[in-house]
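Structure first, commentary second.
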Amino acid sequence: MTKGSAGILPPLDWLRSFEAAARLSNFTAAATELGLTQAAVSQHIRLLEERLKVRLFARLARGVALSPEGAAYLPHIQSAFATIGNSTRELFEPRAVQTVTLRVPISFALLMLVPALPALAVNFPHLRLDVVTIHRPADYDEPGSVLDIRFGNGAFSGREADRLTVERLLPVASPALAVDPDWTSRPLLLVAGAREMWAEWFAAAGLAGHTARAHRFDSFVAALEAAKAGAGILLGSRPLIDAVLADKTLLPLSGFELTSTSGHFLTRPTGRRLTDAEREFRRWLLTRFAA
Numbered sequence: 001m002t003k004g005s006a007g008i009l010p011p012l013d014w015l016r017s018f019e020a021a022a023r024l025s026n027f028t029a030a031a032t033e034l035g036l037t038q039a040a041v042s043q044h045i046r047l048l049e050e051r052l053k054v055r056l057f058a059r060l061a062r063g064v065a066l067s068p069e070g071a072a073y074l075p076h077i078q079s080a081f082a083t084i085g086n087s088t089r090e091l092f093e094p095r096a097v098q099t100v101t102l103r104v105p106i107s108f109a110l111l112m113l114v115p116a117l118p119a120l121a122v123n124f125p126h127l128r129l130d131v132v133t134i135h136r137p138a139d140y141d142e143p144g145s146v147l148d149i150r151f152g153n154g155a156f157s158g159r160e161a162d163r164l165t166v167e168r169l170l171p172v173a174s175p176a177l178a179v180d181p182d183w184t185s186r187p188l189l190l191v192a193g194a195r196e197m198w199a200e201w202f203a204a205a206g207l208a209g210h211t212a213r214a215h216r217f218d219s220f221v222a223a224l225e226a227a228k229a230g231a232g233i234l235l236g237s238r239p240l241i242d243a244v245l246a247d248k249t250l251l252p253l254s255g256f257e258l259t260s261t262s263g264h265f266l267t268r269p270t271g272r273r274l275t276d277a278e279r280e281f282r283r284w285l286l287t288r289f290a291a
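Quick note on numbering: this note's numbering labels position 157 of the sequence shown as 157, and the sequence is numbered without any gaps.
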């Protein structure tokens with residue numbers, strides 16, 4: 001602070017009295033709000049006017065009205081008080097709980113997001129998620145959230161996207177089925193939509209496809225449960241299946257993985273400014289999952 005600014009900067013009490021009186025248009029009401037006497041508020045205003053060498057209020061029969069100079073000064077004082085208040089809360093008060101609404105495919109929610117929630121709670125105890133699970137593309141059109149996680153190639157109309165995963169496809173089966181060397185004759189488990197890629201996997205692996213009876217599911221997580229139950233062979237999507245591979249609930253049937261152009265993306269409306277909580281969650285999610 002320069003010597004000149006220190007000489008003109010008014011005491012905080014004078015500015016508080018000015019702001020309250022200007023907002024309430026009444027010295028007595030300002031005094032009540034501040035816990036002061038009306039005489040004290042009047043004295044603060046008088047001293048402030050003398051310091052600034054300008055009349056800030058017009059005294060009326062009932063109350064006061066801001067002068068043009070006072071009206072110009074008020075928003076700057078209010079902005080300064082707001083800055084001080086916000087900084088004080090952020091630095092010294094416990095952070096208020098903030099909620100982030102997230103739309104997410106049911107498979108990603110159960111297999112990737114839920115296991116990571118304890119880490120989120122440790123690192124960001126003030127964040128709470130309102131998770132809305134998606135079962136069909138039309139569910140994304142429902143209002144109520146800014147952030148969502150989508151499966152695809154990253155091109156989503158009207159939305160910015162950050163890649164979270166790169167999908168790698170690998171045939172897997174329960175231990176009971178995995179012992180069969182002729183696993184390609186077993187029923188295949190199909191997943192509707194972008195993951196129905198058995199034909200692509202067989203072609204890339206240099207194997208002939210087959211027409212064995214297969215079950216078809218509308219979500220990957222349902223097909224995964226069917227595979228764990230021994231109902232057939234699943235074209236598993238990594239990293240969604242990494243946990244069941246690690247605990248050997250399902251076993252890989254081939255050493256060949258087909259890398260897909262698809263994956264999971266965290267998306268938001270193009271140009272949309274995120275809240276502080278949404279920005280924190282986005283940074284955490286990218287750090288946790290980004291490929």
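For every residue, glycine included, the Cβ atom is placed at its ideal position computed from N, Cα and C.
Taking the Cα of T133 as reference, the smallest distance to any Cα among G35, A227 and V104 is reached at V104. For V64, the enclosing beta strand (DSSP E) covers residues V64 to L66.
Straight-line measurement puts the Cα of F124 at about 43 Å from the Cα of L177. In the structure shown, D182 falls within a coil segment according to DSSP collapsed to helix, strand and coil.
Listed in chain order, the beta strand (DSSP E) elements of length 3 or more contained wholly in the region 186-221 are 188-191 and 215-217.
R159 has its alpha-carbon roughly 17 Å from the corresponding atom of R283.
When C-alpha distances from A72 are compared across T287, T270, F18 and A121, the shortest belongs to F18.
Three or more Cβ pairs drawn from the region 54-65 and the region 21-35 lie within less than 8 Å of each other, which places the two stretches in contact.
Here L251 carries a strand assignment [DSSP, helix/strand/coil].
Of the residues assessed, I8 falls on the exposed side of the cut-off, its CB having fewer than 16 other CB atoms within 10 angstroms. If the five residues before and after F220 are omitted, its C-beta is found closer than 7 Å to the C-beta atoms of S107, V191, R195, S237 and L240, all from its own chain and listed in chain order.
Looking at the DSSP output, L129 sits in a beta bridge with V100. G263 carries a strand assignment under DSSP once its states are collapsed to helix, strand and coil.
With fewer than 16 neighbouring CB atoms inside 10 Å of its own CB, I84 falls in the exposed class.
If you draw a straight line from the Cα of A214 to the Cα of L234, it comes to about 10 Å.
Taking the Cα positions, P175 is about 14 Å away from D182. CA-CA distance, A199 to F289, rounds to 28 Å. CA-CA distance, S262 to F156, rounds to 12 Å.
Counting along the chain, the unbroken alpha helix (DSSP H) around S17 starts and ends at L12 to L24.
A straight-line Cα-Cα distance of about 21 Å links R46 and F81. Rounded to the nearest angstrom, the gap between the Cα atoms of A222 and V122 is 30 Å.
Per DSSP, reduced to three states, the secondary structure at P269 is strand. Under the three-state reduction of DSSP, I241 is assigned to coil, being neither helix nor strand.
With respect to the 8 Å criterion, A161 and H126 are not classified as neighbours on the basis of their beta carbons. A straight line joining the alpha-carbon of A246 with that of H264 spans about 21 Å. Distances from the alpha-carbon of R268 to those of R150, T259 and L250 put R150 closest. DSSP places L170 in the strand class (E or B) of the three-state scheme.
In the structure shown, the three-state DSSP call for A155 is coil.
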